[in-house]
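K.L.:
Mapping of the sequence shown onto the working numbering: position 211 corresponds to residue 223, and the numbering continues sequentially without gaps.
Please see the structure below; I have some questions.
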Amino acid sequence: MKVEKISLKDVEFGENNIRLVVGEEEIHALKRSMIRIGLIQPITVKKVGDKYEVIAGHRRTQAAKELNWSYIDAIVKDEEPQKEAEICLTENLTRMELSPMEISARIEQLSGEKKYTLEEIAQMCNHSKEWVRRYWAITQWPAELQSAVHNRLLSIAAAENLAVIPDETYRNFLIRNAVESGATARTTAAWRQGYESMVPAEAAVELEGAASIGVSQPMIPQIPCMICGGVFRMDAVTHAPICVSCCNDLRNAQDRMQN
């Protein structure tokens, strides 16, 4: 594998940049490392006319440009588009900590724009088809949940339980509560079970005064109160129908009292 020294002014960022956001601190840390010990791993590029397009190594290239380097070590490849995508995805998965959202965005791009099947993508990243399908599903999640997972405030397993809740107001409340409390997948699974077991308003009127159905204690889920935020067993909370506006008014009043 031949490493060439190429001019940085001829290097351009290509479409294979897998990172959604590269933080300034992340680049600063990389720049400090490159100043101390140089570039350990060459970037990977392809020749496009008189220029080079980065296939893998976007962060290293950005850091080198910010350091005003004139040249950078690179491996110049002449690959088919599918091979380029495979190189980019594989290197990024093995060399750095990608957020689940960045992985899902790349899978969506490969399956959508580039027409790769989930089986082909699974082979690219050396994972199972189910692993690929799980990350691809993140692209269909609500934006608030995607943000929490992308910023590593929630695990994928914990977020999956909240993604299926259709009530936007209640789902966002649970997301906020999960982030603030560091909820695990087991906790959000209980919240999901609690939501799914809620009695519809119409049925609640008919069942008023009726004996509740007994459930063994280990199976009783817990769910946070929308007013105080405390977590209670489902048999310790009410299911009173409250509109979104009134719910927000109650929460705002509570916030004012606490402040």
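Think of the CB as a built atom: it goes at the ideal place given N, C-alpha and C, for glycine as much as any other residue.
#1: Please classify valine 191: does DSSP put it in a helix, a strand, or coil?
#2: Counting only the same chain and skipping the five closest in sequence on each side, list residues whose C-beta sits under 6 angstroms from that of leucine 186.
#3: Given that a residue counts as buried once 16 or more other Cβ atoms are within 10 Å of its Cβ, and exposed if not, what is histidine 70?
#4: Where does valine 11 fall in DSSP's three states?
#5: Let me check understanding here. Comparing Cα to Cα, which of Ile84, Gly50 and Glu24 lies closest to glycine 61?
#6: Just how far apart, CA to CA, sit isoleucine 67 and alanine 169?
#7: Unbroken alpha helix (DSSP H) runs of length 4 or more, entirely within the segment 33-63: which are they?
#8: The alpha helix (DSSP H) with lysine 141 in it runs from where to where?
#9: Decide yes or no for the touch test of the segment 140-147 against the segment 113-127: beta carbon pairs closer than 8 angstroms, at least 3 of them.
#10: Round the Cβ separation of isoleucine 150 and methionine 113 to the nearest angstrom and send it over; I've been treating them as touching at under 8 angstroms.
#11: Note the first and the last residue of the continuous beta strand (DSSP E) segment covering serine 19.
#12: Assign proline 154 to one of three DSSP states: helix, strand, or coil.
#13: Exposed or buried, what is alanine 76 when buried is set at 16 or more other beta-carbons lying within 10 Å of its beta-carbon?
#14: Can you give me the C-alpha to C-alpha distance between isoleucine 84 and valine 57, rounded to a whole angstrom?
#15: Along the chain, where does the alpha helix (DSSP H) that runs through isoleucine 87 open and close?
#16: From which residue to which residue does the alpha helix (DSSP H) around proline 178 run?
#17: Can you check DSSP and say which residues form a bridge with valine 161?
#18: Give me whichever residues DSSP pairs with glutamate 24 in a beta bridge.
P.N.:
According to the structure data:
#1: Within the sequence shown, residue 191 is the residue found at index 179, counting from 1. Residue state, collapsed to three classes: helix.
#2: Here residue 186 refers to the residue found at position 174 of the sequence shown. Same-chain partners within the cutoff: Leu174 and Trp203.
#3: As a first step, residue 70 is located in the sequence shown; it is residue number 58 there, counting from the start. Buried, because 16 or more other Cβ atoms sit within 10 Å of the Cβ of histidine 70.
#4: Outside the modelled stretch of the chain, which goes from 13 to 271, sits residue 11, for which no answer is possible.
#5: Counted from its first residue, the sequence shown places residue 61 at position 49. Checked all of Ile84, Gly50 and Glu24; the closest Cα to glycine 61 is Glu24.
#6: Residue numbering aside, residue 67 sits at position 55 when the sequence shown is read from its first letter. Residue numbering aside, residue 169 sits at position 157 when the sequence shown is read from its first letter. In a straight line, the C-alpha of isoleucine 67 is about 31 angstroms away from that of alanine 169.
#7: 36-49
#8: By 1-based counting over the sequence shown, the position of residue 141 is 129. Note, lysine 141: alpha helix (DSSP H), 141-149.
#9: yes
#10: Position 138 of the sequence shown, counted from the first residue, corresponds to residue 150. Position 101 of the sequence shown, counted from the first residue, corresponds to residue 113. Indeed they touch by this definition, with Cβ atoms about 6 angstroms apart.
#11: Against the sequence shown, residue 19 aligns to sequence position 7. First-last of the beta strand (DSSP E) with serine 19: 16-19.
#12: Indexing the sequence shown from 1 puts residue 154 at position 142. It is coil, neither helix nor strand.
#13: Locating residue 76 in the sequence shown gives position 64, where the first residue counts as 1. Label assigned to alanine 76: buried.
#14: Residue 84 sits at position 72 when you count from the first residue of the sequence shown. Residue 57 sits at position 45 when you count from the first residue of the sequence shown. Going from the Cα of isoleucine 84 to the Cα of valine 57 covers about 11 angstroms.
#15: Taking the sequence shown and counting its residues from 1, the one referred to as residue 87 is at position 75. No alpha helix (DSSP H) holds isoleucine 87; the beta strand (DSSP E) holding it covers 83-89.
#16: Start at 1 with the first residue of the sequence shown, and residue 178 comes out as number 166. If you look at proline 178, you'll find it isn't in any alpha helix (DSSP H); DSSP assigns it neither H nor E.
#17: On the sequence shown, position 149 is the one that residue 161 refers to. Answer is none; valine 161 lacks a bridge partner.
#18: For the purposes of this step, residue 24 is identified with residue 12 of the sequence shown, where counting begins at 1. Paired residue(s): Glu65.
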